[in-house]
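A short worksheet on the structure shown next.
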Amino acid sequence: MPISHHLIPFNFGLAYLDSLKFPFVPAKGVKLPLSLPFQVFTMKKNTAFLFLATLLHLSEGQTKPKLLPWAFEPLPLGSVKPLGWLQGELRIMADGLAGHELDFYPYVKDSPWLNGTAEYTRLGEAVPYWFNGLVPLAYSLDDQRLKDQVHSVVSRVLEMQYEDGWIGPENATNPDRNLWGRIPFLLGMIQLAEANPTGWHEKLVLSITRHMREAHRILKTGGSGYSNCGADVSFIDCSWGQIRMHDMVIVIQWLLENAKLEDNDVTMLWEVMHLLYELSKWKWETWYTEDQYEKVVSDAYPSNPMFPYNHRLKASAVIRRFTHKEDLVEATNKAVEWTFRYHGSPSGSILADESQRDLAPFMGSELCATVETGYSLAYLYQALGTNGFADRAETVIYNALPVMLTHDAWGHQYLSRPNQPFAQRLVDRASHFTTNGGAATVYSLEPQYPCCTVNHPQGYPKFVANSWVRAEKGLAHVLLGPSLVTTSIPGAGQVSIKCETNYPFSDTLFYTVSSDTAFNLFLRVPTWATLSKSAITVTTSQGGSIINSSAPISPDPLSGLHRVSLPAGKSTVNYTIGSSIRVETRDSGAVSVYVGNLLYALDVGEEVTTSLPHRWYDNDPNSEGTREFSQVPNIKDTYFNNTKPWNVAIDPATLEYHPGNASSGHQMGRGFAPEVGKGADNFVSVRGCEIKWDTLSGGVAPAPPPKGEKCQGDGRTYRLIPYGLAKVHMSELPTLKL
Numbered sequence: 099m100p101i102s103h104h105l106i107p108f109n110f111g112l113a114y115l116d117s118l119k120f121p122f123v124p125a126k127g128v129k130l131p132l133s134l135p136f137q138v139f140t141m142k143k144n145t146a147f148l149f150l151a152t153l154l155h156l157s158e159g160q161t162k163p164k165l166l167p168w169a170f171e172p173l174p175l176g177s178v179k180p181l182g183w184l185q186g187e188l189r190i191m192a193d194g195l196a197g198h199e200l201d202f203y204p205y206v207k208d209s210p211w212l213n214g215t216a217e218y219t220r221l222g223e224a225v226p227y228w229f230n231g232l233v234p235l236a237y238s239l240d241d242q243r244l245k246d247q248v249h250s251v252v253s254r255v256l257e258m259q260y261e262d263g264w265i266g267p268e269n270a271t272n273p274d275r276n277l278w279g280r281i282p283f284l285l286g287m288i289q290l291a292e293a294n295p296t297g298w299h300e301k302l303v304l305s306i307t308r309h310m311r312e313a314h315r316i317l318k319t320g321g322s323g324y325s326n327c328g329a330d331v332s333f334i335d336c337s338w339g340q341i342r343m344h345d346m347v348i349v350i351q352w353l354l355e356n357a358k359l360e361d362n363d364v365t366m367l368w369e370v371m372h373l374l375y376e377l378s379k380w381k382w383e384t385w386y387t388e389d390q391y392e393k394v395v396s397d398a399y400p401s402n403p404m405f406p407y408n409h410r411l412k413a414s415a416v417i418r419r420f421t422h423k424e425d426l427v428e429a430t431n432k433a434v435e436w437t438f439r440y441h442g443s444p445s446g447s448i449l450a451d452e453s454q455r456d457l458a459p460f461m462g463s464e465l466c467a468t469v470e471t472g473y474s475l476a477y478l479y480q481a482l483g484t485n486g487f488a489d490r491a492e493t494v495i496y497n498a499l500p501v502m503l504t505h506d507a508w509g510h511q512y513l514s515r516p517n518q519p520f521a522q523r524l525v526d527r528a529s530h531f532t533t534n535g536g537a538a539t540v541y542s543l544e545p546q547y548p549c550c551t552v553n554h555p556q557g558y559p560k561f562v563a564n565s566w567v568r569a570e571k572g573l574a575h576v577l578l579g580p581s582l583v584t585t586s587i588p589g590a591g592q593v594s595i596k597c598e599t600n601y602p603f604s605d606t607l608f609y610t611v612s613s614d615t616a617f618n619l620f621l622r623v624p625t626w627a628t629l630s631k632s633a634i635t636v637t638t639s640q641g642g643s644i645i646n647s648s649a650p651i652s653p654d655p656l657s658g659l660h661r662v663s664l665p666a667g668k669s670t671v672n673y674t675i676g677s678s679i680r681v682e683t684r685d686s687g688a689v690s691v692y693v694g695n696l697l698y699a700l701d702v703g704e705e706v707t708t709s710l711p712h713r714w715y716d717n718d719p720n721s722e723g724t725r726e727f728s729q730v731p732n733i734k735d736t737y738f739n740n741t742k743p744w745n746v747a748i749d750p751a752t753l754e755y756h757p758g759n760a761s762s763g764h765q766m767g768r769g770f771a772p773e774v775g776k777g778a779d780n781f782v783s784v785r786g787c788e789i790k791w792d793t794l795s796g797g798v799a800p801a802p803p804p805k806g807e808k809c810q811g812d813g814r815t816y817r818l819i820p821y822g823l824a825k826v827h828m829s830e831l832p833t834l835k836l
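Position 609, counted from 1, in the sequence shown is what the working numbering calls 707; the numbers after and before it change by one each time, with no gaps.
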């Protein structure tokens, strides 16, 4: 509706509008009252008036703007616990590197955030990254040792908070006072406030609000440390907070929805959201247009905005919640669809080593990108409710994440290639990466830049935390896997649902339900599911009688959710998802093989060797490594070589799935297990043969899959195994007919 004079008396936002200086070009048909205080200032593409655009969505008599509602509201952290094999993966992380960085890793243990001096970047992001992942890891597992780490760190940070409200180690005159480094820590703080409301909610809300007041002052007075940095601050360092401003907006939106705030702080928070957007040079909705988006990237440093390609997937959806701009839905859909069409890996991650790259299977996907992509896609499902987002979230977490961690989770890769038959330290050879060197595929403490060392712990825990959501008069299981959810449903009392399954290694999920009153259980049907082979059977106890029922599965076309209405008391639900072998053709003409959402890769065997760990800045090919971490014997560099041929072409017509023991859904202990050979035993067999297939630059990686090659020798049967189990692998295979 047009802005009318009845809006003028509203206190909300007028002081902010009065402080801005820019021309406003009203939308067609919108008449502005002359009393609105506008002055002249030039701002590109009129984006500065998103704040005023929000006012256009106010209803008659409404005095405050509101955030658009979630499609599916997330549950507080701690409501969902992992079970079975998924619990095992989180336990391995807790017992591995993620759960011990505070004990020994300099960039965490001796961080300026904890009154130390160790940091790998002037952005001060190490502890914030680590904290953002450790909070959900600690509370998903209910692990007291990790909770103690979380509590000790946040207590120290709160003690160091400056009088002006600034969170972090930088005083008011420090040129490195930037908004970005705070954002991951703030994300961790809101998770802690959810998971432990009696102990932390009030003090964390107060602390964050104080910080936002200082951020508000900074943004209104030149944007120092955000859009306006000192001469000695690089373009990249100054851009980072702008590129990821939507993550700070997530924190603000959480405050608006979960905290009791004074009216002036509500006004301030809305102003901060708009200032963050207006002052940012990076408007992602304008990037995903035909004339801007780079579908093919040829230069090492293209005009393509590099770096957070994974984070920006959710940017438009976050901004839409406070601007109410519905065209941002299309921008979000384009962001996801184009990113994966032109730069996606078979494992669900994004082919990009800092800069976004093409579809060549010798390019790498960064571990940071993997975990952030999983979170972004889970967020998008909650915000927009589109089934494909949840499918993609499962694919990246169930494939790209486990393959990049050693079986004990003490080592990780910086980059993983779709075709990677060996993982060696090749720092003396051309890597074919854009910005990274030949050590990036080694499994280590710091195989390359340390950001992935501190950022990777969020992967599995955030997936678990977002696996269940609120839906219409009930709960929905949207990221499928073994889990236990316990929560209350408004108007329906307490509900507890236990899901036992080997999914995604099996197709059957068993739900045991206990509820105070009747409610709706929604189960997500993946887009790849065969409905004719899928089934849901419900068993309830009513009046002393056991009642069994079933009905055809009819998922909602947008969300993929199928409704199961359950009575009060105890019920069981058996859910079988029809799946089959799925073959996807890649850009090279090669194919990738899936069963359900698991990617299967050629089993090339593995030979493991180790050495002393190398620090991320050690590029000496003759270096033996460092003894700095000798007190932590699990810290080492781990190298893999194939023991079987990798230069194989397959005949897709001969693919056959073998479910193994994983098909028994109640046996939940098998997944990406810590010991080689102890994981899930399902596999795919296929006929194929060895072919002529070259390598790049002295053997750093296989060249792109060749076309039209003939067999070198006789055909034979090959084995494809779950990608997450195959530290060395070939997931894009050329084809032929046998």
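Quick reminder that beta carbons are idealized off the backbone N, C-alpha and C, glycines included.
So residue i and residue j are supposed to be a Cβ contact under 8 angstroms. How far apart are they, rounded?
i	j	result
residue 803	residue 686	5 angstroms
residue 574	residue 659	6 angstroms
residue 351	residue 305	So it is not a contact: roughly 17 angstroms between Cβ atoms.
residue 669	residue 702	46 angstroms between Cβ atoms; not a contact.
residue 278	residue 339	3 angstroms
residue 235	residue 196	6 angstroms
residue 194	residue 699	Actually they are not in contact, since the Cβ atoms of residue 194 and residue 699 sit about 23 angstroms apart, beyond 8 angstroms.
residue 723	residue 731	Actually they do not touch by this definition, with Cβ atoms about 14 angstroms apart.
residue 541	residue 511	6 angstroms
residue 353	residue 307	7 angstroms
residue 409	residue 345	7 angstroms
By alpha-carbon positions, which one of the options ends up nearest to residue i?
i	options	result
residue 443	426, 256, 263, 464	464
residue 834	814, 739, 344	814
residue 607	423, 597, 342, 252	597
residue 697	262, 499, 385	499
residue 217	624, 240, 205, 780	205
residue 605	612, 626, 787	626
residue 753	727, 733, 831, 726	831
In the DSSP output, what is residue i paired with across the bridge?
i	result
residue 431	Looking at the DSSP assignment, residue 431 forms no beta bridge with any residue, so it has no partner.
residue 327	Residue 327 is not bridged to any residue.
residue 810	Residue 810 pairs with nothing; no bridge assigned.
How many angstroms separate the CA atom of residue i from the CA atom of residue j?
i	j	result
residue 280	residue 784	50 angstroms
residue 816	residue 516	18 angstroms
residue 709	residue 537	13 angstroms
residue 276	residue 312	12 angstroms
residue 704	residue 810	23 angstroms
residue 143	residue 829	Note that residue 143 scores 38 on pLDDT, short of 50, meaning its location in the model is unreliable and no value can be drawn from it.
residue 864	residue 514	Only positions 99 to 836 of the chain appear in the structure, and residue 864 is not among them; the question remains open.
residue 695	residue 254	42 angstroms
residue 462	residue 519	13 angstroms
residue 290	residue 718	42 angstroms
residue 450	residue 812	37 angstroms
residue 237	residue 173	13 angstroms
residue 478	residue 484	8 angstroms
residue 818	residue 799	20 angstroms
residue 126	residue 482	The pLDDT assigned to residue 126 is 34, lower than 50, so where the model puts this residue is not dependable, and the model offers no usable value.
residue 427	residue 418	8 angstroms
residue 746	residue 801	13 angstroms
residue 470	residue 650	36 angstroms
residue 823	residue 770	6 angstroms
residue 495	residue 624	15 angstroms
residue 740	residue 707	12 angstroms
residue 369	residue 349	14 angstroms
residue 851	residue 503	There is simply no residue 851 to check, as the chain begins at 99 and stops at 836 in what is shown.
residue 631	residue 673	11 angstroms
residue 827	residue 420	44 angstroms
residue 821	residue 264	44 angstroms
I want to see whether chain B comes within less than 7 angstroms of residue i, judged by CB atoms only; does it?
i	result
residue 711	Of the protein chains in the structure, only one exists, and it is not chain B.
| Can you list the alpha helix (DSSP H) stretches of 4 or more residues lying completely in the stretch 549 to 606, in chain order? | Listed in chain order, the alpha helix (DSSP H) elements of length 4 or more contained wholly in the stretch 549 to 606 are 549 to 553, 557 to 563.
ask   = Taking only runs of the alpha helix (DSSP H) that begin and end inside the stretch 267 to 292, which ones reach a length of at least 4 residues, in chain order?
value = none
Worksheet entry | Runs of beta strand (DSSP E) lying entirely within the stretch 673 to 748, each at least 3 residues, in chain order | Whole beta strand (DSSP E) segments, 3+ residues: 679 to 683, 689 to 693, 696 to 700, 705 to 709, 735 to 739, 746 to 748.
task = Entirely within the stretch 339 to 414 and at least 4 residues each: give me those alpha helix (DSSP H) ranges in chain order.
result = 343 to 356, 361 to 377, 382 to 385
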